[in-house]
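Chemist: Every position in the sequence shown, counted from 1, becomes a number in this note's numbering once 1 is added.
The structure under discussion is supplied below as structure tokens; questions concerning it will follow.
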Amino acid sequence: MKQLLIAFLLIASTIYCEDKVIKRDGQPDTVITNSKKMDSAIKEAKENIKTFITLVKATKDYKNFFIKRGFPDDKGNHEHIWISLLKYGNGKFTGTLNNKPLNIKKMKLGQVVTVGEKEISDWMITSPKGLKGGYTLVALIYGTKDQETYQKQFGIDWKNYKFLKKIKSKK
């Protein structure tokens, strides 16, 4: 399942054409975006963090649980990085960085980090039953020519993402 997620992250990060895509050997591409769709995705992910925490508390096996946090980078911006969850307790998540930071020299792939609930910019759970969360990934995929392929391959139910309805109604 982790290999499937890595492929998903690699592919999803390369298809969002409106933004700058930075390609990296052996790492997921980095998408630099300021889009309203992405801001709406992050907002909805934060609004639903309690759902994620409830699911995290219900299991001891975190291998398919991920969070994303924006870390301050060396250029005065925030670089949002996916983190594989290792444990949760006292309102803090601990996990390992899933990709090599682009502009943060003091951080590295596989580094263990601790993140507070309010610092999370996205969360997701991958399973054979389909994707839960992953709002920023959905924002990258939705409306692309490959949307249907991702829907089938990763079990994405577009109805679960309220921010997409707002985007549709503005068109």
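For each residue, glycine too, the CB sits at the ideal point set by N, CA and C.
Note that this is a predicted model, so its numbers are computed, not measured.
Under 7 Å Cβ to Cβ from I157, same chain only, skipping five residues before and after it: list those, please.
Modeler: The answer, listed in chain order, is G131, L132, V139, Y151.
Chemist: Which of helix, strand or coil does DSSP assign to K93?
Modeler: K93 falls in the strand class under three-state DSSP.
Chemist: P129: buried (16+ other C-beta within 10 angstroms of its C-beta) or exposed?
Modeler: Classification of P129: exposed, given that the 10 Å Cβ count is below 16.
Chemist: So, do the segment 90 to 101 and the segment 66 to 82 have three or more beta carbon pairs nearer to each other than 8 Å?
Modeler: Yes: at least three Cβ pairs fall under 8 Å.
Chemist: By the three-class DSSP mapping on this structure, what secondary structure does I157 have?
Modeler: Here I157 sits in coil by DSSP.
Chemist: Identify, in the order they occur along the chain, each residue of the same chain with its Cβ nearer than 6 Å to the Cβ of Q4, setting aside the five sequence neighbours on each side.
Modeler: Note that Q4 scores 48 on pLDDT, short of 50, meaning its location in the model is unreliable; the coordinates nonetheless yield the value given after this. Around Q4: no qualifying Cβ.
Chemist: Ends of the alpha helix (DSSP H) at K37?
Modeler: First-last of the alpha helix (DSSP H) with K37: 37 to 48.
Chemist: Check the C-beta distance from N104 over to E120 and give it rounded, since I have them as a contact under 8 Å.
Modeler: Contact flag wrong, Cβ pair sits at about 18 Å.
Chemist: Excluding the five sequence neighbours on either side, which residues of its own chain have a C-beta within less than 6 Å of the C-beta of K167, listed in chain order?
Modeler: Here the set comprises nothing.
Chemist: Quick one: which unbroken beta strand (DSSP E) runs of 3-plus residues sit fully inside the segment 96 to 162? Chain order, please.
Modeler: Counting only runs of 3 or more, we get 113 to 117, 121 to 126.
Chemist: In chain order, what residues of the same chain lie with their CB nearer than 8 Å to the CB of G111, ignoring the 5 residues before and after it?
Modeler: Taken in chain order, the residues that qualify are T97, L98.
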